[in-house]
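Residue numbers for the sequence shown follow this note's numbering, so the first one is 1 and each next one is one higher.
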Amino acid sequence: MDSKGNAILIKGEYITLGQLLKKLDLIQTGGEERAYLAMHAILVNGEKEIRRGRKIRPGDKVSVDGSLYEICS
1 MDSKGNAILI
11 KGEYITLGQL
21 LKKLDLIQTG
31 GEERAYLAMH
41 AILVNGEKEI
51 RRGRKIRPGD
61 KVSVDGSLYE
71 ICS
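In structure tokens form, the structure reads like this:
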């Protein structure tokens with residue numbers, strides 16, 4: 001990953017977008033997910049995403065308010 005992004009290590013086949021937001025300490029509880037997704041710009045592989053259950057897999061790139069994260073296994 002270059003200096004503009006962060007590698008996020010996951011175990012297993014995937015992590016949901018909601019779990020990723022918790023892992024990044026952007027939300028504390030599942031109840032906060034919907035409001036966070038509505039108020040922030042989140043892109044998965046360059047496409048806007050609002051589904052908290054979206055499966056994020058190794059190799060995916062997630063941008064949260066301009067901060068880029070690459071998912072790794």
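Cβ coordinates follow ideal geometry from the N, Cα and C atoms, glycine included. All of these numbers come straight from a predicted model, not from anything done at the bench.
Its chain contains Gly18 as the residues whose beta carbon lies nearer than 7 Å to that of Gly30, once the 5 sequence neighbours on both sides are disregarded; these appear in chain order. Using a 10 angstroms sphere on the CB of Ile42, the tally of other CB atoms reaches 16 or more, which defines it as buried. Taking C-beta separations shorter than 8 Å and ignoring five residues to either side along the sequence, the partners of Lys48 in its chain run Ala41 and Ile42, following chain order. Ile71 is positioned such that its CB atom lies closer than 9 Å to that of Ile56. Taking Asp60 as reference, the option from Val44, Gly66, Leu24 and Glu13 with the minimal CA-CA separation is Val44.
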